[in-house]
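Position 112 of the sequence shown, counting from 1, maps to 112 under UniProt numbering, and the rest follow consecutively. Ideal Cβ placement from N, Cα and C applies to all residues, glycine included. As structure tokens, the structure follows; a few thoughts come after it.
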Amino acid sequence: MTNAATTPSGQPLGISHRPSPTEAMFAKFKAEDKPAFIGYLPYGFPDPEVSLDAFRTMVEHGVDAVEIGLPYSDPVMDGPVIQAASSIALNNGETIRRVFEAVETVANAGGVPLIMSYWNLIYHYGVEKFARDFENAGGAGLITPDLIPDEAGEWIEASDRHGLDRIFLVSPDSADERLEVVARNARGFVYAAARMGVTGERASIDASPETLVARTRKAGAKNVCVGIGVSTAEQGAKVGSYADGVIVGSALVHTLLADDNRSPRDTAEGLKLLAAKSEELAAGIHGARA
Numbered sequence: 001m002t003n004a005a006t007t008p009s010g011q012p013l014g015i016s017h018r019p020s021p022t023e024a025m026f027a028k029f030k031a032e033d034k035p036a037f038i039g040y041l042p043y044g045f046p047d048p049e050v051s052l053d054a055f056r057t058m059v060e061h062g063v064d065a066v067e068i069g070l071p072y073s074d075p076v077m078d079g080p081v082i083q084a085a086s087s088i089a090l091n092n093g094e095t096i097r098r099v100f101e102a103v104e105t106v107a108n109a110g111g112v113p114l115i116m117s118y119w120n121l122i123y124h125y126g127v128e129k130f131a132r133d134f135e136n137a138g139g140a141g142l143i144t145p146d147l148i149p150d151e152a153g154e155w156i157e158a159s160d161r162h163g164l165d166r167i168f169l170v171s172p173d174s175a176d177e178r179l180e181v182v183a184r185n186a187r188g189f190v191y192a193a194a195r196m197g198v199t200g201e202r203a204s205i206d207a208s209p210e211t212l213v214a215r216t217r218k219a220g221a222k223n224v225c226v227g228i229g230v231s232t233a234e235q236g237a238k239v240g241s242y243a244d245g246v247i248v249g250s251a252l253v254h255t256l257l258a259d260d261n262r263s264p265r266d267t268a269e270g271l272k273l274l275a276a277k278s279e280e281l282a283a284g285i286h287g288a289r290a
């Protein structure tokens, strides 16, 4: 049985009738005392067909849930690697209408399909239309880095109708009251940004994410995943020792970029490197509590 979503003031907005595949994934991993591995890649990079191969490769080599990025012209939260990949995808003419192919691909491969999108893209596509098409494609949930629960009433209602997860972000600077609002309105999990700033690979991960995870759980969140900065198996194991899931983006995207970080790598070589990186990170993350 799922909890009804509420407004920021705590009033119920609706009831989710479809069980959350994301929450089912976390329940399975918690029973095994393991964190989940969530991997990010933008759709359409390096081109539409190869991106579908890349999503399948990720699932086949250890990624549990795939965060499918919707390329956006003004990605304020994304670092240089993801910006470069998104630019290539946009130059290929990628639009939101085609991303549901990727959702179906991930679902058919046995992974949990998530979409990460800046809200403007969803708004212009049509909130109800997006929720309907996303559900029909087998989607699980939407990550919205620039949408806060206070302004998400239309999305909360639509996601309830279609049984979709709502993944909002928190950061080390989030006040306890803000954490409570996010936890009350989230479904699936809460995305804890490891640090303030843009995404990207980091040489080290400090202690602030662990504190943030503890604070977010205390605020009522059922599942808390950490992203921004994880790029090695060792870092994945460290974060996975306390988080319910570890989110990796730039380190996976990097495998498909040439050394100049501006153009795609040879397809066969890129997919081979993506498979190896996925396996490396999966080993660290899934073995975090061994």
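| Asked | Found |
| --- | --- |
| Distance between residue 255 and residue 204 (C-alpha atoms, nearest Å) | Residue confidence for residue 204 is low, a pLDDT of 44 falling below 50, so the modelled location carries little weight; the figure read from the coordinates is stated next. One C-alpha to the other measures close to 20 Å. |
| Beta carbon of residue 271 nearer than 8 Å to that of residue 47 | no |
| Cβ neighbours of residue 57 in the same chain (closer than 6 Å, five flanking residues each side left out) | 271, 274 and 275 |
| Residues near residue 147 by beta carbon distance below 8 Å, same chain, minus five either side | 119, 155 and 168 |
| According to DSSP, residues forming a beta bridge with residue 193 | 227 |
| Closest Cα partner of residue 287 within the set 241, 278, 130 and 247 | 241 |
| Cβ contact check for the segment 258-266 and the segment 93-113: 3 or more pairs under 8 Å | no |
| Own chain residues within Cβ distance below 8 Å of residue 133, not counting five before or after | 100 |
| For residue 32, the three-state DSSP class (helix, strand or coil) | coil |
| Of the residues 173, 145 and 137, the one placed nearest residue 291, counting alpha carbons only | Only positions 1 to 290 of the chain appear in the structure, and residue 291 is not among them; the question remains open. |
| Other residues of its chain near residue 33: CB distance less than 7 Å, five sequence neighbours each side excluded | 289 |
| Close beta carbons around residue 208, own chain, < 6 Å, minus the five adjacent residues each side | 172 |
| Local conformation of residue 179 per DSSP, three classes | helix |
| Interface flag, residue 218 vs chain C, CB-CB below 8 Å | The displayed structure is made up of one protein chain only, and chain C is not part of it. |
| With 16 other Cβ atoms within 10 Å as the buried cut-off, status of residue 44 | buried |
| Residues bridged to residue 66 (per DSSP) | 39 and 113 |
| Residue of 224, 64 and 51 minimising C-alpha distance to residue 88 | 51 |
| Status (buried if at least 16 other CB within 10 Å, exposed otherwise) for residue 277 | buried |
| Coarse secondary structure for residue 209, derived from DSSP in three states | helix |
| Closest Cα partner of residue 67 within the set 222, 84, 49 and 105 | 105 |
| Sequence ranges, beta strand (DSSP E) only - wholly within the segment 212-274, length at least 3 | 224-227 and 245-248 |
| Closest Cα partner of residue 181 within the set 158, 157 and 152 | 152 |
| Nearest-angstrom beta carbon gap, residue 112 and residue 175 [assumed within contact, 8 Å] | The Cβ separation is near 30 Å, so there is no contact. |
| Nonlocal neighbours in the same chain, by C-beta distance under 8 Å from residue 219, ignoring five residues either side | 176, 179, 180, 182 and 183 |
| Boundaries (first-last residue) of the alpha helix (DSSP H) holding residue 143 | Counting along the chain, residue 143 falls outside any alpha helix (DSSP H), though it belongs to the beta strand (DSSP E) covering 141-143. |
| N-terminal and C-terminal residue of the alpha helix (DSSP H) that residue 53 is part of | 48-60 |
| Alpha-carbon spacing of residue 61 relative to residue 282, whole angstroms | 8 Å |
| Rounded straight-line distance, which links the Cα of residue 285 to that of residue 238 | 8 Å |
| Check whether residue 213 and residue 230 have beta carbons under 8 Å apart | no |
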